[in-house]
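> Residue numbers (my numbering): 9 to 387.
Glycine included, each C-beta is placed from N, C-alpha and C at the ideal position.
1. Quick one, which of 363, 330 and 364 has its alpha-carbon nearest residue 352's?
2. CA-CA distance, residue 242 and residue 175?
3. Put residue 237 into one of helix, strand or coil per three-state DSSP.
4. Going by DSSP, what residues sit across from residue 157 in a beta bridge?
5. Under 7 Å Cβ to Cβ from residue 48, same chain only, skipping five residues before and after it: list those, please.
6. Whose CA, out of 32, 37, 83 and 24, lies closest to the CA of residue 70?
7. Rounded to whole angstroms, how far is the Cβ of residue 307 from the Cβ of residue 183, which I believe are closer than 8 Å?
8. Looking only at its chain, what residues have a beta carbon closer than 7 Å to the beta carbon of residue 167, apart from the 5 residues adjacent to it on each side?
9. Taking only the alpha-carbon atoms, compute the straight-line gap between residue 267 and residue 244 and give it to the nearest angstrom.
10. Roughly how many angstroms separate the alpha carbons of residue 254 and residue 216, rounded to a whole number?
11. Roughly how many whole angstroms lie between the Cα atoms of residue 339 and residue 149?
12. Taking a contact to mean a Cβ-Cβ separation below 9 Å, would you say residue 276 touches residue 295 in this structure?
13. Rounded to a whole number of angstroms, what is the C-alpha to C-alpha distance between residue 169 and residue 212?
14. Any idea what DSSP makes of residue 341, helix, strand or coil?
15. Taking only three categories from DSSP, how would you classify residue 83?
16. Out of 319, 280 and 117, state which residue places its alpha-carbon closest to the alpha-carbon of residue 335.
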């Protein structure tokens with residue numbers, strides 16, 4: 009359990025900040041219940057249009073998030089969590105005690121079942137006329153959103169959701185590998201090199217990890233809405249927002265993995281006259297496949313589903329899937345919104361499977377726990 013402290017601390021930090029800055033859930037199911045993220049949104053796009061109020065509320069969110077971030081760093085400190093060294097490891101994995109295993113199952117399985125039920129409801133909602141009133145099977149919602157027709161010049165993407173889906177896939181596909189690669193490179197610089205100003209560099213790299221997405225959206229609007237960097241309304245500002253927002257996850261995943269890899273692996277490679285780049289790509293990177301998969305998957309999924317960070321940046325030319333869904337919910341078109349959710353779930357499941365297939369898994373050579381060996385004395 010002590011070796012899980014970095015992972016547990018990161019999970020708590022992500023959960024706290026995402027809950028504080030969540031926009032989609034409060035605006036859809038929150039009703040009249042007001043939270044900071046929705047107040048910031050309506051201060052920008054509502055009738056009041058008070059940028060000063062939005063900035064003040066953003067500062068409140070930032071102070072809370074940075075406070076938790078500082079507490080997490082203070083608790084972890086500079087302790088060592090190395091579990092993979094340069095020595096050979098073919099030991100037998102120790103099974104968990106029955107009590108611990110049952111407790112874990114008792115906590116995890118009900119939550120998994122609840123999550124599956126929620127997604128099944130969302131999946132089924134796109135195939136009925138009106139969820140809650142008329143459960144007649146229909147495909148009209150999918151036809152409205154993703155219809156294909158033959159026109160005078162060939163296939164026509166006639167559905168109303170195609171533009172937002174294609175834009176989202178394109179921008180997420182551009183930002184995910186850039187975010188994962190840059191994040192692991194920064195993690196390698198921080199974990200395997202020492203240089204002046206390293207602490208400041210690390211804090212700057214992880215700063216977006218502690219800043220809520222709503223605050224980032226407001227910051228981008230204020231920073232890039234005027235010359236000389238007038239990027240508002242372009243796809244580039246959305247890609248930059250995706251990268252800056254998700255970059256700390258790649259850095260944290262890479263840093264946690266590097267902390268578990270002993271420096272003797274690098275030193276052994278360098279002693280065999282391998283260059284730094286050869287050591288990085290042939291020794292270290294194969295052991296970082298879980299971190300690479302995590303960074304790629306998280307970056308792509310978050311880019312496909314993020315709302316709070318980009319709600320202020322989308323336009324009619326660069327509409328995203330999540331903003332399209334929220335717009336449909338606001339108009340009362342729940343069937344089309346649920347049909348779009350179904351398509352997104354299928355696409356993200358396929359994308360995750362593809363990433364895991366291409367990158368593969370790290371094999372540490374551990375043996376499975378087998379039956380006890382009974383020694384028989386020779387006659």
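By the coordinates alone:
1. 330
2. 11 Å
3. coil
4. 164
5. 62, 65, 66, 222 and 226
6. 24
7. 7 Å
8. 152, 153, 154 and 155
9. 34 Å
10. 8 Å
11. Residue 339 and residue 149 have their alpha carbons spaced roughly 14 Å apart.
12. No; because the gap between Cβ atoms is not below 9 Å, this pair is not in contact.
13. One C-alpha to the other measures close to 37 Å.
14. coil
15. If DSSP states are grouped into helix, strand and coil, residue 83 belongs with the helices.
16. 319
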